[in-house]
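Worksheet for the structure shown next.
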Amino acid sequence: MIIFVVSTQHIMQNLFRYSSGLVSETNLRFTRYLFNQINWNDRLIGITGARGIGKTTLLLQKIKHSYGASQEALYVSLDNFYFLTRSLFDLAEEFSIHGGKCIFIDEVHRYPTWSTEIKNIYDTFPNLSIVFSGSSALQIFKAEGDLSRRASMYKLNSMSLREYTELSKKEIFQSYSITELLDNHIDIAQEIKKRVKPIPLFKEYLNGGAYPFYVGSSATFHQRLLSTVNVIIENDLMAIEHFSYSTLVHIRRLLAFITDSVPFKPNISELSRKTGISRDILLKLIDLLEKSELLISLRQDSSPTGYLTKPEKIYLNNTSLLFSLSLNQNPETGTLRETFFANQLKQNHRINIAEKGDFLIDNKYTFEIGGKNKTSRQILDVNDAYVVQDDIEIGFRKIIPLWLFGFLY
8 MIIFVVSTQH IMQNLFRYSS GLVSETNLRF TRYLFNQINW NDRLIGITGA
58 RGIGKTTLLL QKIKHSYGAS QEALYVSLDN FYFLTRSLFD LAEEFSIHGG
108 KCIFIDEVHR YPTWSTEIKN IYDTFPNLSI VFSGSSALQI FKAEGDLSRR
158 ASMYKLNSMS LREYTELSKK EIFQSYSITE LLDNHIDIAQ EIKKRVKPIP
208 LFKEYLNGGA YPFYVGSSAT FHQRLLSTVN VIIENDLMAI EHFSYSTLVH
258 IRRLLAFITD SVPFKPNISE LSRKTGISRD ILLKLIDLLE KSELLISLRQ
308 DSSPTGYLTK PEKIYLNNTS LLFSLSLNQN PETGTLRETF FANQLKQNHR
358 INIAEKGDFL IDNKYTFEIG GKNKTSRQIL DVNDAYVVQD DIEIGFRKII
408 PLWLFGFLY
């Protein structure tokens, strides 16, 4: 009988080879907005976000930008076969012995004891920095090991219209705060309009621009996005909750029902009857689909928090999902407008259903969304209220182009 013994050094060489190969193929020309917002000097950094929006690329870009070909940084994904027989802690110990400075850990939810081991690595190796990423469906702040007191947490949202414009046009565009946009929207829109045609770009973005892999692969984009949704349901949610196959069928049925009804004002009793899911389980599944970045659930500002509180409205998370999941692949225009606005605003702002108008932002600003003939009739007596019109390039007074809200991050 022949026994093969693989040395620890040889294993590390293979991991470094795999990491350096990925880093060398990574392009730094375009980086997501979060790249420059993260305080990379923190010793423990966590990045969450939906599948397919660029978390892995963000990790690899940071390695290339700050470490180059140096072996002081290592990228590993926790779905690697290596971790079937070895622990993450053992890897970190060996990496530290070999002079490692920062370990970048991807797909943490694929490793059952990830939070405990990351905590132990953080406490045991004070000279080692850790950056980890995982699905937004993870309940990271409730994780075993209490990483929330140690980790600086960041969330990567789907791409903004500004980012899509940068990626497709290979030009840099500035982002604006909500107050800058409301106060100076005419000047801002005119400045952008000098460089690009915003309306055609906006229409392109609605179809697929929420995900970086749309650029250069538009022909296969929607099939890839459907595959991504399947992975979220079958792998990510299963890894968190250990659902039965019948529950996964219920999740698909629920998502399909919501997709054909958005913007959806849920009648939980009726939805429970149509999907065959009990009320409490139904609300829990809606909450998980929102954590997975597949849905946006909105409530009025006065509503209690917690997943057992019925949402007032449910949207798909972004317009790309609308095109991919809708049976006719021709979503209703009003739904596209509201979905785009909700997605772009939720990144940096609190968003609720308004008593008058469509959306209440930061418990201060009210917005009414519509086409180029939309008036302010419904919000005439509301303070800090604005009309957001589609299909216009430049606004007027408190009328603002819809596309311009894609330049908030």
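Its first residue numbered 8, the sequence shown is counted upward by one per residue in the numbering used here. Even glycine gets a Cβ: it sits at the ideal position worked out from N, Cα and C.
Item: Separation of R260 from L292, as counted between CA atoms; Value: 11 Å
Item: Reduced DSSP category for I179 - H, G, I as helix; E, B as strand; rest coil; Value: coil
Item: Counterpart residues of Q307 in DSSP-defined beta bridges; Value: I360
Item: Residues of its chain near F11, where Cβ-Cβ distance is below 6 Å and the 5 sequence neighbours each way are ignored; Value: Since pLDDT at F11 reaches only 43, below the 50 mark, its modelled position is unreliable, and no value is offered.
Item: Beta-carbon proximity of Y212 to L232, cut-off 8 Å; Value: no
Item: Cβ neighbour criterion (16 or more within 10 Å) applied to L334; Value: exposed
Item: CB-CB length for E101 against G141, believed under 8 Å; Value: E101 to G141, Cβ: 23 Å. No contact.
Item: Distance, I199 Cα to T55 Cα; Value: 31 Å
Item: Segments assigned beta strand (DSSP E), at least 3 residues, entirely inside the stretch 39-126; Value: 51-56, 80-84 and 109-113
Item: S327 (DSSP reduced to helix, strand or coil); Value: helix
Item: Cβ pair Y171, G223 closer than 8 Å; Value: no
Item: Sheet register partners of E300 (DSSP bridge); Value: BP columns for E300 are empty, so no partner.
Item: Among A226, R306, L255 and K379, nearest to V238 - alpha-carbon criterion; Value: L255
Item: The stretch 294-305 contacting the stretch 320-334, beta-carbon criterion three pairs below 8 Å; Value: yes
Item: Inside the stretch 199-229 only - alpha helix (DSSP H) runs reaching at least 4 residues; Value: 205-215
Item: Counterpart residues of V394 in DSSP-defined beta bridges; Value: E375 and I406
Item: Cβ neighbour criterion (16 or more within 10 Å) applied to N350; Value: buried
Item: Proximity below 8 Å, CB of L367 to CB of I360; Value: yes
Item: Where L168 sits in the DSSP three-state scheme; Value: helix
Item: Under the three-state DSSP convention, the category Y25 falls into; Value: helix
Item: Counterpart residues of G341 in DSSP-defined beta bridges; Value: G341 is not bridged to any residue.
Item: F23 vs L66 beta-carbon contact at 8 Å; Value: no
Item: Residue nearest to I267 in terms of C-alpha spacing, selected from L332, K177, D97 and H17; Value: For the sequence presented, residue 267 should be read as Asp rather than Ile. It is L332 whose Cα lies nearest to the Cα of D267.
Item: Beta-carbon proximity list for D86, same chain, < 6 Å, skipping 5 on both sides; Value: E114 and R117
Item: Contact check, L51 vs I179, beta carbons under 8 Å; Value: no
Item: Per-residue DSSP class, three states only, for L415; Value: coil
Item: I386 (DSSP reduced to helix, strand or coil); Value: helix
Item: Sequence-distant residues of its chain with Cβ nearer than 8 Å to S276 (five each side left out); Value: R286
Item: Residue span of the beta strand (DSSP E) that contains F366, given as start and end; Value: F366 to I368
Item: Expected contact under 8 Å - CB spacing of L415 and I185 to nearest Å; Value: 6 Å
Item: Straight-line gap, F96 to T131 (C-alpha atoms, nearest Å); Value: 10 Å
Item: Option in R157, Y372, V269 and T63 with minimal Cα separation from T123; Value: R157
Item: Neighbourhood of S279 by C-beta distance below 6 Å, restricted to the same chain and skipping five residues each side; Value: R286 and L289
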